[in-house]
Amino acid sequence: MKTVLNQEKFQQLLIRWVLVVLPTVLIGYVTLRFVNLSYTSLNTGIGSQTVYFALGIILAYTLYYYGARLAVTVLLLWVVYWLFENAINKLPGEFDVLYANARFLLFSTLFILGWVFGFLLARIKWSYIIVSALLALANLVAISETVDVSLGYILLHLFPVVLYGLYMLFLSPLLFVKIELSWKKSLQLATRLAVFVMLIFLAFVVTDFLLKGEVKAVEKELAARGAKGKDGGAKEKDNYDERNGLMERGKGGKGDDGYRLKDTMRVSTKMSQSDKLMFCSKLDNFTADGSPIPLYFVYHYLPRYDPVKESFTRDVNVPSFDEIEVDPTNLPMYYSFTDTSIVRKSLGNKFRKVVEAQVYLSENTWKHSVLGPSSVFSIQTIPVEKDFQKTFLSAYKIYSYASDLNNAYFVYNISANPILETVQGQRHDELRTIKNYRSIDRGFFNYYTQMPTGGIYDSIAQLATKLVPKDATPVDKVLAVRDFFLQRNENGKRVFRYTLKAGAVDDPNIPSSKMLYDFLFKTHAGYCTYYAGASHFMLRALGIPTRFTTGFATINRSDKNKGWYWFYASQAHAWTQVYFPGYGWLDFDMTIGNEDQQSAPKPDGTPPLPPPDPWLVLNAKAESVNVATKKLDASFNELIYFKTPHQLNKTFTRSIDASLCRVLYNERDTTLSALKAGDSLIIVSYNDEAKKIPQPRGGVAIELQIKNFPSPIVADEIHIRAKKKEEKPQEGTGRPAQQQAKKMTWQEIAWVAAKAITVLLLLILFSPLLYLFYRLVRIALAKDISAKADHVYRASLYRFHMAGFERETETPLEYAEKTIDPNLHVGFADFMRMYLRLKYSNGVVREGDADTLHQFANKVAASVRAKKGVLKTILNYFNIMRASRYFQTPISSEPETTTL
Amino acid sequence: MTDSIKKLKSLTENIETIIRGKPQQVKYVVTALLAKGHILLEDNPGAGKTVLAKTLAQSISEGVVDFHQAGGGVAFKRIQFTPDLLPMDLIGSYIFDDVKKDFVFKKGPLFTHVLLADEINRASPKVQSALLECMAENQISVGETTFPLDQFFFTIATQNPIEMEGTYPLPAAQLDRFYMKISFGYVTEEVEFDIYTNYLKIGDMKNTVKQVLTYHDIIQLQKEAENVYVHSEIVKAIVRLVQATRNHTEIALGCSTRGGITFIKCLKAWALVNQRDYVIEDDVRALAQPVLHHRMVFRNREASKTALQQIVDTEVNKLAKLGIGMKK
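Protein chains in written order, with our numbering: chain A, 6 to 905; chain B, 14 to 341.
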């Protein structure tokens with residue numbers, strides 16, 4: 006007897022393995038996949054991770070299913086853990102220990118996680134809510150770490166967990182009774198599940214419909230973050246290895262795609278480079294004698310180091326974060342965006358001046374963020390001359406609050422050049438006036454000097470503190486670090502080398518901090534990220550505010566075109582910036598020049614012609630177009646007049662002469678016939694001697710000056726703006742051009758997701774009540790008595806069902822006679838008889854039918870309430886399972902006894 | 014309508030004075046009567062089958078009357094089927110008339126209005142099939158002559174469960190002639206007590222049964238049953254139901270078209286018995302088992318219990334979900 010019982014119990018366990026454990030393992034697998042996608046340091050094979058997790062769940066579930074004691078099992082688990090932990094540390098070989106430790110840590114974490122889940126599922130009744138919530142949270146955190154996030158992506162990632170939760174919700178009442186394994190029961194279960202899933206799916210569709218506005222807002226926000234939609238793989242493929250490069254291919258929703266520097270940086274074994282032209286720039290930064298001073302072009306500051314992911318990341322929430330946040334593609338032609346707070350946030354005024362630069366971007370470049378010397382505070386879009394449009398897609402002019410103490414001539418620690426060394430010396434002498442950082446804000450200081458402790462980081466700190474006495478000036482400390490990288494051995498050879506293939510072990514699983522450690526103490530070979538990363542930690546260890554910076558190294562190849570610089574993909578670079586009070590952030594590049602191999606310098610190209618200055622830029626709307634005479638009427642209330650933007654207080658309409666005009670659509674040349682009335686236009690007229698141009702007069706209202714404008718206005722360029730951008734761009738007079746560029750944290754994503762899920766759940770929860778209202782409305786709207794009887798019939802059947810009197814296989818009349826009337830005394834049977842007569846006997850309404858109907862209809866609600874109580878009656882409508890049963894066809898399982 | 018309801022009520026009440034606690038079964042028997050059909054009662058011996066049949070017959074006949082003289086009376090005959098019964102025992106035979114010097118036909122017990130064929134499955138198939146013609150065609154052919162039976166010919170057959178010893182299962186064709194097959198089942202404790210006390214009070218049952226209906230009443234009721242209205246949706250549901258029995262995996266032999274027609278006839282009669290002149294969905298559910306089940310062959314015992322009921326429930330539920338004017 007006992008064995009039979011056990012067999013039965015085992016069978017039940019097997020069923021639960023299939024029904025509960027298997028889906029949980031699956032959902033765990035899905036979650037682990039997502040987590041792995043975002044956290045590369047975990048990357049040891051998704052398969053093994055899932056196995057660890059599954060092992061934990063199955064073991065715990067089985068144990069606790071058979072009633073194992075929690076305390077005993079946990080103690081046992083701890084003993085096993087302790088034994089293994091000790092055994093691993095006894096392993097021979099330092100590397101083995103490290104490797105095994107990492108493995109074991111991963112294994113034990115996942116196993117224990119699985120164990121906890123298994124315990125919860127086996128013992129705690131509502132545990133699946135906790136489990137689902139945990140998984141959803143893990144998913145959300147994982148999602149928020151990925152760069153390319155879209156709402157569809159979020160929902161896609163959350164859908165499995167939500168589905169799992171609802172599945173468990175559906176399943177949970179079954180789990181506490183014996184599950185029968187008959188074919189019919191399973192079929193019944195399956196159909197119910199199918200109906201349930203259908204309901205959920207419907208609810209999802211409705212939620213999507215309801216939340217459309219919200220979704221769009223979120224997508225806009227996400228688009229601003231620089232990620233939307235499709236993969237830009239339409240163009241030719243190249244062999245650039247994104248995983249190991251400094252750059253990655255950005256995904257632009259606006260049809261362009263290009264490479265950009267990664268938002269996060271970690272040290273990896275090797276770097277791949279390509280020699281594509283990224284952009285070129287005219288930089289108006291010259292010495293007094295007219296020789297050009299190149300400056301590094303900054304892409305992003307990565308001030309935060311994430312010790313878990315072992316990578317440098319952006320952090321826009323830092324106070325005094327002097328990175329302009331604007332998407333240049335959102336700026337209409339000739340419009341500018343200025344953020345003067347950047348000047349203040351650059352935290353320096355000594356040796357600072359405004360530097361103008363023009364940047365021409367090739368198709369290979371990411372176009373949604375600004376490239377320029379550090380502390381760019383203003384940007385204006387400018388057109389690209391027709392002849393250069395093949396090479397350069399777009400261009401902008403920027404103003405930067407640059408420091409004279411920065412100079413890209415210091416690239417790769419150039420030494421042995423006496424002139425440069427003198428200049429560097431002067432710079433360092435100037436900076437020696439800063440003795441310490443006592444005067445600066447503590448929060449700022451702590452933020453920029455924080456670094457993780459323990460293990461590798463401690464040894465880096467020790468190395469740094471050994472290099473230089475504690476009381477040295479900050480700049481001397483920086484120089485000490487530089488000299489550390491420049492040191493030569495007894496043979497006069499450099500100790501540190503530059504190489505693109507840095508890692509000795511080509512194993513991506515090795516954490517990058519370990520690689521940094523190897524770089525500093527063993528191999529002494531690496532590329533810019535190694536030098537920047539190592540010096541970053543060393544400087545921070547010395548108490549010097551430092552930040553990791555990515556961008557492009559500027560190389561002055563020839564003096565043929567003074568001030569013009571060409572940037573190729575191989576110039577992507579990482580270096581450190583060091584803060585000096587009063588001077589602001591200054592570039593310090595510790596990277597060693599590549600002595601072994603000098604790649605053949607690339608020749609500079611022909612610089613594009615700068616566009617002529619416009620005297621008038623109109624933000625206009627085409628009223629009428631005459632293609633034959635090449636004239637059009639345009640109305641406008643915004644204009645830029647001699648570089649000054651004006652907002653007009655009324656709309657003006659002027660005739661425009663487009664006979665000599667260049668027409669562009671989406672920055673591409675087209676003809677005037679492409680222009681339709683109603684299009685939004687930017688009309689540009691150049692400052693040309695031949696034209697009669699009214700000069701601006703001070704003190705006169707712009708509306709009056711417009712009266713002096715020639716008629717027609719001769720246009721030189723007409724930019725037709727793509728229609729999909731409906732929102733009016735704001736002018737760049739300090740106001741932000743777009744309310745955008747806010748990075749979404751995972752909390753925000755979680756909030757939106759929680760809202761969506763709440764709406765979804767509410768919708769599901771309220772659907773039975775909504776159905777009741779629908780039925781009641783139908784009663785109210787019914788025209789004749791038979792229609793009314795019909796709706797009363799349906800509504801009351803539904804009400805009785807939801808009150809707990811579920812009709813099984815009996816007919817409504819039997820149901821009325823046997824179930825409803827004995828309990829509720831509403832005369833449902835009388836009503837049913839009348840109803841059936843109307844239904845099946847050619848529908849002749851008899852005298853008294855209307856009375857029966859009204860009497861019954863009026864009594865239904867009251868009788869249900871009287872029986873069940875008001876609160877219970879309402880609460881009953883939230884029983885979704887019951888409501889779903891109402892819509893299913895009941896199948897009799899009991900044989901009819903009376904007649905067989 | 015009210016008149017016939019009264020008559021039907023008196024009939025059922027009259028039967029129920031004897032047959033206690035079985036209103037449903039009584040109704041079934043009356044339904045078969047009004048549908049001009051025949052009924053087969055199956056149960057263990059002693060459940061009251063024969064008593065029911067006798068009571069019904071007595072309620073509408075004036076005791077034992079001659080078939081041909083029954084000018085308003087109803088003739089009732091009872092045959093106890095045994096294994097050695099011969100067909101001629103039922104239909105009669107030619108015997109030599111000494112006076113006329115000729116063979117004359119001596120009519121058997123089949124020439125009657127109400128026939129109680131007791132324990133029909135104890136007779137040999139030969140005898141069973143002798144019943145066939147008279148049940149289906151209302152006539153009896155002997156040699157060259159065909160004798161018509163009266164338009165009112167109602168057979169109540171009883172049988173013991175097939176599993177019991179000394180029985181010949183009825184052939185499918187024979188079963189098909191019966192409009193309904195119902196079982197009795199034992200009564201509840203209270204009803205049984207009631208029956209015993211009743212028995213103690215009245216010694217002779219025979220005297221207590223009154224005749225409440227006449228021959229003409231029955232003919233009239235049968236005509237009224239034919240006039241009961243059947244909604245086209247009900248007919249459609251029956252079509253679907255019959256089709257479903259043929260396509261069901263657990264059913265080897267589905268319902269025949271004759272079965273469907275019989276079903277509709279019975280539905281009409283049942284509606285009348287329930288004092289309605291229209292058929293409702295409840296009727297379909299109530300009659301499906303007794304009318305259809307015995308016409309079908311099931312693949313296994315489990316299916317025999319549930320398959321038909323499931324099909325009926327599905328169809329009835331579909332009907333219940335239709336609205337007036339049969340809108341969805």
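Ideal placement from N, C-alpha and C gives every residue a C-beta, glycine not left out.
So residue i contacts chain A; which residues on that side make the cut at Cβ distance below 7 angstroms?
i                 : result
Tyr291 of chain B : Arg842, Tyr845 and Ser846
Arg298 of chain B : Thr816
Tyr242 of chain B : Ser846 and Asn847
Val329 of chain B : Thr816
Ala333 of chain B : Thr816 and Pro817
From residue i to residue j, what does the alpha carbon distance come to, in whole angstroms?
i                 : j                 : result
Thr327 of chain B : Arg812 of chain A : 13 angstroms
Ala706 of chain A : Leu307 of chain A : 47 angstroms
Phe116 of chain B : Phe109 of chain B : 4 angstroms
Ser685 of chain A : Gly448 of chain A : 48 angstroms
Gln467 of chain A : Ser351 of chain A : 31 angstroms
Lys648 of chain A : Ala625 of chain A : 17 angstroms
Leu436 of chain A : Phe641 of chain A : 53 angstroms
Tyr522 of chain A : Ile465 of chain A : 7 angstroms
Ala185 of chain B : Glu146 of chain B : 15 angstroms
Lys278 of chain B : Ala88 of chain B  : 24 angstroms
Thr824 of chain A : Val831 of chain A : 11 angstroms
Gly272 of chain B : Asp207 of chain B : 38 angstroms
His261 of chain B : Gly61 of chain B  : 35 angstroms
Pro58 of chain B  : Thr171 of chain B : 10 angstroms
Ile104 of chain B : Tyr212 of chain B : 36 angstroms
Phe557 of chain A : Gln385 of chain A : 21 angstroms
Taking its Cβ as the centre, do 16 or more other Cβ atoms sit within 10 Å of residue i, making it buried, or is it exposed?
i                 : result
Phe892 of chain A : exposed
Lys440 of chain A : exposed
Thr559 of chain A : buried
Val313 of chain A : exposed
Ala45 of chain B  : buried
Arg659 of chain A : buried
Gly119 of chain A : buried
Glu150 of chain B : exposed
Trp569 of chain A : buried
Asp332 of chain A : buried
Thr676 of chain A : exposed
Lys40 of chain B  : buried
Gln576 of chain A : buried
Met203 of chain A : exposed
For a contact meaning CB atoms closer than 7 angstroms, what does residue i contact in chain B?
i                 : result
Glu819 of chain A : Asp295
Asp795 of chain A : Gly336 and Ile337
Using a C-beta to C-beta distance shorter than 9 angstroms, which residues of chain A count as neighbours of residue i?
i                 : result
Asp189 of chain B : Here the premise fails: no neighbours, minimum Cβ distance about 18 angstroms.
Ile247 of chain B : Tyr845
Taking 8 angstroms as the threshold, find out whether the segment 404-415 of chain A comes into contact with the segment 353-364 of chain A through three or more Cβ pairs.
-> yes
Hey, is the segment 65-73 of chain B in contact with the segment 158-173 of chain B, meaning 3+ C-beta pairs nearer than 8 angstroms?
-> Taking 8 angstroms as the limit for Cβ pairs, the verdict is that the segment 158-173 of chain B does touch the segment 65-73 of chain B.
Quick one: any contact between the segment 699-713 of chain A and the segment 625-638 of chain A, if contact means 3 or more CB pairs under 8 angstroms?
-> no
State whether the segment 350-357 of chain A contacts the segment 383-402 of chain A, with contact taken as three or more CB pairs (one from each stretch) at a distance under 8 angstroms.
-> no
Check whether the segment 801-811 of chain A touches the segment 870-878 of chain A, taking contact to mean three or more Cβ pairs, one atom from each stretch, closer than 8 angstroms.
-> Contact between the segment 801-811 of chain A and the segment 870-878 of chain A is present, because at least three Cβ pairs lie under 8 angstroms.
Is there contact between the segment 59-66 of chain A and the segment 160-175 of chain A, where contact requires at least three CB pairs shorter than 8 angstroms?
-> Contact fails: fewer than three Cβ-Cβ distances are below 8 angstroms.
May I ask you to verify whether the segment 781-789 of chain A touches the segment 263-270 of chain B, counting CB pairs closer than 8 angstroms and requiring at least 3?
-> no
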